[in-house]
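Working notes, structure below.
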Amino acid sequence: MIKQVQNPVLEVHDLTVSYSKKPVLWGVDFSLPKGSLVGIVGPNGAGKSTLIKAAMGIVPASSGYVKIFGEELDDVRGKVSYVPQRESVDWDFPASVLDVVMMGRYGKVGLFRSLRKSDKEVAENALRQVGMEAYAKRQISQLSGGQQQRVFLARALTQQADLYFMDEPFSGVDAATEKAIINLLREMSDQGKTVVVVHHDLQSVTTYFDWLVMLNLRLVASGPTDEVFTSELLQETYGGKLTLLTEVRDLMKKGQFPSREKV
Amino acid sequence: MKDFIDFFSFSDPNVRYVVLGSVLLAVSSAIVGSFTFLKKKSLVGDAVAHSVLPGVCLAFMLTGTKNPFILIVGAFCTGWISLVIMDQIVAKSKLKQDTAIGLVLSVFFGIGILLLTVIQSSGNAAQSGLDSFLFGKAAALVGEDLIAFGSVSIILLAVVYLLFKEFTLISFDENFAVAIGFPVRRLELVLTTLTVLAVVVGIQAVGVVLMAAMLITPAAAARFWTDNLKKMVLLSALFGAFSGIAGAFVSYTAPSMPTGPWIVMIISIIALFSFFFAPRRGIVLRLLRNYRNQQQILTENILKELFKMAEAGNKIEYSIEELLQFRSFDPSKLKPALSKLSRQGYVEKIDEKWKLTVEGQQKGQRVVKLHRLWELYLTEYLRIAPDHVHEDAETIEHVITPELEVRLEKLLDKPELDPHQSKIPY
Numbered sequence: 001m002i003k004q005v006q007n008p009v010l011e012v013h014d015l016t017v018s019y020s021k022k023p024v025l026w027g028v029d030f031s032l033p034k035g036s037l038v039g040i041v042g043p044n045g046a047g048k049s050t051l052i053k054a055a056m057g058i059v060p061a062s063s064g065y066v067k068i069f070g071e072e073l074d075d076v077r078g079k080v081s082y083v084p085q086r087e088s089v090d091w092d093f094p095a096s097v098l099d100v101v102m103m104g105r106y107g108k109v110g111l112f113r114s115l116r117k118s119d120k121e122v123a124e125n126a127l128r129q130v131g132m133e134a135y136a137k138r139q140i141s142q143l144s145g146g147q148q149q150r151v152f153l154a155r156a157l158t159q160q161a162d163l164y165f166m167d168e169p170f171s172g173v174d175a176a177t178e179k180a181i182i183n184l185l186r187e188m189s190d191q192g193k194t195v196v197v198v199h200h201d202l203q204s205v206t207t208y209f210d211w212l213v214m215l216n217l218r219l220v221a222s223g224p225t226d227e228v229f230t231s232e233l234l235q236e237t238y239g240g241k242l243t244l245l246t247e248v249r250d251l252m253k254k255g256q257f258p259s260r261e262k263v
Numbered sequence: 264m265k266d267f268i269d270f271f272s273f274s275d276p277n278v279r280y281v282v283l284g285s286v287l288l289a290v291s292s293a294i295v296g297s298f299t300f301l302k303k304k305s306l307v308g309d310a311v312a313h314s315v316l317p318g319v320c321l322a323f324m325l326t327g328t329k330n331p332f333i334l335i336v337g338a339f340c341t342g343w344i345s346l347v348i349m350d351q352i353v354a355k356s357k358l359k360q361d362t363a364i365g366l367v368l369s370v371f372f373g374i375g376i377l378l379l380t381v382i383q384s385s386g387n388a389a390q391s392g393l394d395s396f397l398f399g400k401a402a403a404l405v406g407e408d409l410i411a412f413g414s415v416s417i418i419l420l421a422v423v424y425l426l427f428k429e430f431t432l433i434s435f436d437e438n439f440a441v442a443i444g445f446p447v448r449r450l451e452l453v454l455t456t457l458t459v460l461a462v463v464v465g466i467q468a469v470g471v472v473l474m475a476a477m478l479i480t481p482a483a484a485a486r487f488w489t490d491n492l493k494k495m496v497l498l499s500a501l502f503g504a505f506s507g508i509a510g511a512f513v514s515y516t517a518p519s520m521p522t523g524p525w526i527v528m529i530i531s532i533i534a535l536f537s538f539f540f541a542p543r544r545g546i547v548l549r550l551l552r553n554y555r556n557q558q559q560i561l562t563e564n565i566l567k568e569l570f571k572m573a574e575a576g577n578k579i580e581y582s583i584e585e586l587l588q589f590r591s592f593d594p595s596k597l598k599p600a601l602s603k604l605s606r607q608g609y610v611e612k613i614d615e616k617w618k619l620t621v622e623g624q625q626k627g628q629r630v631v632k633l634h635r636l637w638e639l640y641l642t643e644y645l646r647i648a649p650d651h652v653h654e655d656a657e658t659i660e661h662v663i664t665p666e667l668e669v670r671l672e673k674l675l676d677k678p679e680l681d682p683h684q685s686k687i688p689y
């Protein structure tokens, strides 16, 4: 079941992504409404992170396109924010919490210029929003997993975007942080911002998200949570491997076939 | 002493040149190297350093001159090609980065040595001194060379200054840099170009073989002292500058001593010193802290046992043998620990027997109290079986601060008995 929307915030059209010739997403096609809190769910290796990385232009698409607010990504980068997986960076880097949060302002400030006083204020406000103001000067290696996640979230907040992509913001965080984060995300979506979250825990899906994108190498479903969170679609997303699809995929990798002729 | 004054008055123009040259080269490679270090590309720097040798030789063979600008161009070209090849090997083959680095380093360096041998046996008189690129010739940095390498260093420093925030971001979180629309590929290109340039000017001072040390060691040393990136880069520049001056000084006082290797020696000593003695990250202070913790545990345990023995029995003086029967202390450490406690006024010795002073009694009582409170906390709040809580409490009793003590007492509401029905002393 794939529900398309009018005037979508995000439109993904026939998106195929491959890593060294091995397709990890096939012909994904969906759109998201403004102000929704969206969960991307699916089993390990289903291509959830890849989907948002492709949307942000971090990994190249082999075919298809992504439009944000009806425009090309490069024209609206200032209105889009991305929160990478916590484990994707080295937390032993010589930086303080405030240093990392201020990185969110780099895009606004632009190349060659240094940060202004107002940027620092925005960063401090963002830290307050995630309840980390007391940790501004702390070296980032001294943070717990939940605190690291809050720092990343604060960095995203300083971007003052309208669309947020978050890669597993709930992974490895304590219960208190999870609650704080979801409350913040709800607040953001109430303000009309669209938040897209890669999520792992099916237990909380129905309470957290009002729109679901279900993935397993290809799109299984996209629509309001109460319509798509059915045992049938879940079975299709999680149940059994798509043996034919994976076999073709392995064959392509072995024979080094491109996923599209032109590549 | 006379040498020292002669050298540091900088009255000899030769000394001025050499010092200025060494410092500029050391500082620029230290600053660029800080980012190489943070991007975990230390070995790549080493491979590039070795790969510039064939470029130097080729440039000389093609033009027949030792004009520093031409040699820089040659070195730059092969240094760059080596980087591209390493990237391509990793991207296009199944080989991993370490293999690619090993391959490129040895092949390029081999070709370089081959060309150098050809040049040396060609009988061309102009070639003399070309082999100094192997180990550097900082002591011969004069005039034209200095201008050429100095201007490259200044360009390096200016670019790093302008792009400091961008380089920081791509070193820490490249995906995020892409996401906010930074031209990451171009920035990477600039950073690698700077690395190659730093190598090209640095080999003039220390040679291709030792160049990696100039890139990486100052940053590695500086990292021990600070958690702030700006401070780290400044500190590594300072370390680089210091080793540059010191290396030049050594070869000034002892002309048979080579400058380049001495610069590397001195920066390595700084790195070793940092490794052992830096606060928090240094090994010696960590060991010292460990030792202090062990001592604290041992002395508190002695006070605790003396208190418990007095609590159980009817006497308050005990011999070392009796203490050992009660708890298996390490006998060789027990005696010095007891003497230490008596010096501190917690125990006193009467006829080969030990007893607690009033202060010792209070301290021992506190440890026993914390032990029992913690056992109670574990059973009541963490639902751990009473026979499993002792080991844990043995450690925690030494950790709890007075503030936590107050909270623990309040939380448990000053209980009478611990889970094993022993009385909790207040």
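Line by line, the protein sequences give chains A and B. According to my numbering, the first sequence is numbered sequentially starting from 1. According to my numbering, the second sequence is numbered sequentially starting from 264. We treat Cβ as the ideally placed atom computed from N, Cα and C, and that holds for glycine. For clarity, every value in this text was computed on a predicted model and none was experimentally measured.
Judged by DSSP in its simplified three-state form, Y19 of chain A adopts strand.
Take R486 of chain B, set aside five residues on each side of it, and the residues of its chain with a beta-carbon closer than 7 Å to its own are M495, in chain order. Considering only beta carbons, the part of the stretch 53 to 73 of chain A lying closer than 8 Å to chain B consists of K53, M56, G57, I58, in chain order. DSSP places M214 of chain A within a strand segment (E or B) once states are collapsed to three. Taken in chain order, the members of the stretch 97 to 127 of chain A whose beta-carbon sits within less than 7 Å of a beta-carbon on chain B are M103, Y106, G107, L111, F112, S114. Every beta strand (DSSP E) stretch that sits fully inside the stretch 178 to 250 of chain A and reaches 3 residues is listed by chain position as 194 to 198, 211 to 216, 218 to 224. The C-beta separation of P678 of chain B from K632 of chain B comes to about 11 Å, leaving the pair out of contact by the 8 Å criterion.
Using a CB distance cut-off of 9 Å, G444 of chain B counts as an interface residue toward chain A. Residue contact with chain B for R150 of chain A: absent (no Cβ-Cβ distance below 9 Å to any residue of chain B). Taking 3 residues as the minimum length, the beta strand (DSSP E) runs contained wholly in the stretch 80 to 113 of chain A are 80 to 83, in order along the chain.
For I68 of chain A, the enclosing beta strand (DSSP E) stretches over residues 63 to 68.
Nearest Cα to Y106 of chain A within the set A:P94, A:Q6, A:R77: A:R77.
Under a criterion of Cβ atoms nearer than 8 Å, the residues of chain A adjacent to D490 of chain B are, in order, P94, A95, S96, Q139, S141. According to the DSSP assignment, L37 of chain A belongs to the beta strand (DSSP E) that extends over 37 to 41. Here S62 of chain A is not near P33 of chain A, since their CB atoms are 9 Å or more apart. Not flagged as an interface residue toward chain B: G35 of chain A, since no C-beta distance is shorter than 9 Å. In this structure, the straight-line span from the alpha carbon of D210 of chain A to that of M252 of chain A is close to 37 Å. Comparing alpha carbon positions, the residue from A:V109, A:V228, A:V28 closest to V66 of chain A is A:V28.
Uninterrupted alpha helix (DSSP H) stretches at least 4 residues long and entirely within the stretch 494 to 545 of chain B occur at 522 to 540, given in chain order. Counting of Cβ neighbours within 10 angstroms places P665 of chain B among the exposed residues, the total staying below 16. Residues of chain A whose Cβ lies closer than 7 Å to the Cβ of K616 of chain B do not exist; the shortest such Cβ separation is about 47 Å.
A straight-line Cα-Cα distance of about 14 Å links K618 of chain B and Q607 of chain B.
S531 of chain B has its alpha-carbon roughly 14 Å from the corresponding atom of F540 of chain B. When Cβ-Cβ separations below 9 Å define contact, V28 of chain A makes no contact with chain B. Counting only unbroken stretches of 3 or more residues, the beta strand (DSSP E) elements lying wholly within the stretch 567 to 644 of chain B are 610 to 613, 616 to 619, in sequence order. The beta-carbon of S88 of chain A is placed less than 9 Å from the nearest beta-carbon of chain B. Between P84 of chain A and N438 of chain B, the CB-CB gap stays under 9 Å. With its beta carbon less than 9 Å from one in chain B, P84 of chain A belongs to the interface.
Take L378 of chain B, set aside five residues on each side of it, and the residues of its chain with a beta-carbon closer than 6 Å to its own are P317, C320, in chain order. In this structure, L671 of chain B sits away from G507 of chain B, with a CB-CB distance that is not shorter than 9 Å. Counting only residues of its own chain and dropping the five nearest sequence neighbours on each side, I529 of chain B has a CB closer than 7 Å to the CB of S506, A509, G510.
Annotation for M264 of chain B: no beta strand (DSSP E) segment contains it, and DSSP assigns it neither H nor E.
DSSP places M324 of chain B in the uninterrupted alpha helix (DSSP H) bounded by 305 to 326.
V28 of chain A is bridged by DSSP to A:L15. Rounded to the nearest whole angstrom, the C-alpha separation of V453 of chain B and S291 of chain B is 15 Å. Proximity of the stretch 511 to 520 of chain B to the stretch 386 to 399 of chain B falls short of the contact definition, fewer than three beta-carbon pairs being nearer than 8 Å.
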